[in-house]
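Note sheet for the following structure.
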Amino acid sequence: MSTGKRYIREGYWKDFRSAPHNNRVCTVFNNDAIEKLTQAFIAVEMQSGEISRLEEQLSERDKRLKSASTEKSQLQQAYETRLKLFTKDDALRRSLENSKTRAFLVSVNVRELNMKNINIEVKLARVELKCTHFEQRAILAEKKAAQLEEMAWITKEIMANAQHSMLKS
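Put into structure tokens, the structure is as follows:
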């Protein structure tokens, strides 16, 4: 970016010092105003990058949530299968009733499965909470991007009006 002053002519930015003598200067801006406008455009671009990054993180969280829910359903099915096997087969049930150690082992296995189910539910709750947090951040980023786009549009309109009024005079 040049250190000299700049002006707008026919929609293009040009350096003030390199202007031909027959061109008329429409609007003169100082470097601070140009720098602020450039920073506003950069902020809009950064917010759009932040939004896309948050969307990627949200999709990754969704994938993790789906895999955790499938793991939970598989564990639940294994648990139900074991319960059905133990209750349906009379011979096995009698042998379990006669053997305290076998009953103890089965109850330990069932408790372990229940603990795994609880752990998976806790993980699911955490993932859902994180997804909600990222959704809220994405909404805020979208609002900020909309505000910055509106500011850029207003600035464009002001510059176009100024150019139009200078061309008339």
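Heads up: the sequence shown is residues 1 to 169, going by UniProt numbering. The beta-carbon is built from N, C-alpha and C at its ideal position, and this holds for glycine as well. Source: prediction; values computed, not measured.
Please look up how many angstroms separate the CB atoms of residue i and residue j, rounded, as I've assumed it's under 8 Å.
i: F134; j: L54; result: 6 Å
i: L124; j: L65; result: 6 Å
i: D32; j: C131; result: That pair is no contact at about 42 Å.
Go ahead and label residue i buried or exposed: buried means 16 or more other beta carbons lie within 10 angstroms of its beta carbon, across all protein chains shown.
i: A141; result: buried
i: L105; result: exposed
i: Q39; result: exposed
i: Q47; result: buried
If the criterion is Cβ atoms closer than 8 Å, does the pair residue i and residue j meet it?
i: A43; j: L148; result: yes
i: N117; j: L75; result: yes
i: I51; j: A145; result: yes
i: A68; j: V127; result: yes
i: K156; j: I120; result: no
i: A160; j: F41; result: no
Can you tell me which of the options puts its alpha carbon nearest to the alpha carbon of residue i?
i: E80; options: L113, A162 and M166; result: L113
i: G49; options: A138, L85, L167 and L129; result: A138
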